[in-house]
Amino acid sequence: MYQPVIAEMKSHMEKTVEDLRKEYQKIRTGRASTALLDEVKVDYYGNPSGLSQVATLAVPEPRSITITPWESKMIGPIEKAILNANLGLTPGNDGKQIRLNLPPLTEERRKEIVKGLKKMDEEHKVAVRNIRRKAIDDLKKLEKDKAITEDELKKAEKEVQGVTDSLIAKLDETLAHKEKEVMEV
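Last residue of the sequence shown: number 239 in the numbering used here, and the count goes up by one each step with no gaps.
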C-alpha cells in the first residue's frame, strides 16, 4: 500500500545522485574530457547549438581536446563560444581543427575545486533529505487516512531511512572518487 510512495522517493533520490554526477563531469580536473564542453553553445546560422552538434570532439592526449568543425567557416564562432564560456581555456587553430590544451592545475586551485565539490555534495544531500521528509509526510498522511496501519508506517519509515542511507553513501562515494581525480597530479 505504501510502496508507490517509496518507489517515487527512490526515483527522485536517484535523479539527485545522477545530477551530482553530471555536475561533477563539468568540473575540470587537469585531465581532458569532452564533458567540459557540454554547456558551450555555438551560434550556428542564428541558432545556439551544442558544440557536439557542429563539430567532432576528441581527446587525443590526456591534456588536450581537439574540435574538428564540420564546416571550416565555423572555426571563428566556435573559438568565440569557448572564450565566452569562461572555461579558462584558450583555443588555438590550424585552419582545420581547434586544439584546447589544459594547463596543469596548481595545488591551491585543486584545493579550491575540492571545496566546491564538497559544497555541491552537501547541497545534493540536503535535497535527498528533503525528499525523505516529503516521503515520510506522505506516509503519515496515508496512516492518518487509515490507508495503512501504524505498524506498516513504522516498517515504511525504516525502509525510507534505509534507502536514504544508501543514496547518501552513493553521494559520498561519488565525491570521494571525484576528489581523488582532482587531487591526482
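Where is the CB? At the ideal position from N, CA and C, for every residue including glycine. Quick caveat, the model's predicted, so the values are computed rather than measured.
Relative to glutamate 68, the option among Met237, Lys224, Lys232 whose CA is nearest is Lys224. With a threshold of 16 other beta carbon atoms within 10 Å, aspartate 226 falls short and is exposed. In the DSSP assignment, proline 58 falls outside any beta strand (DSSP E) and lies within the alpha helix (DSSP H) extending over 57-79. Nearest Cα to glutamate 72 within the set Asn147, Leu91, Met174: Met174. Contact check for alanine 139 against glutamate 93 passes: the beta carbons are separated by less than 8 Å.
Counting along the chain, no beta strand (DSSP E) covers glycine 100, and no H or E run does either. Counting along the chain, asparagine 140 sits inside no beta strand (DSSP E), nor does DSSP assign it H or E at all.
The Cβ neighbour count for histidine 178, taken over all protein chains shown within 10 Å, is at least 16; the residue is labelled buried. Threonine 228 places its beta carbon 8 Å or farther from that of leucine 111. Collapsing the DSSP output to three states places serine 118 in a strand. Inclusion of leucine 221 and tyrosine 56 in the CB contact set at 8 Å is not warranted, their separation being larger than that value. Between the alpha carbons of glycine 142 and lysine 198 lies a distance of about 56 Å. Lysine 76 and threonine 70 have their C-alpha atoms some 10 Å from each other.
Unbroken alpha helix (DSSP H) stretches of 4 residues or longer found wholly inside the segment 150-236: 161-198, given in chain order. Counting other Cβ atoms within 10 Å of its Cβ, arginine 186 reaches 16 or more and is therefore classed as buried. Of all alpha-carbon atoms in Glu162, Glu166, Pro157, Val214, the one lying nearest the alpha-carbon of arginine 183 is that of Val214. With distances taken between CA atoms, proline 116 lies nearest to Pro157 out of Glu125, Tyr98, Pro157, Ile129.
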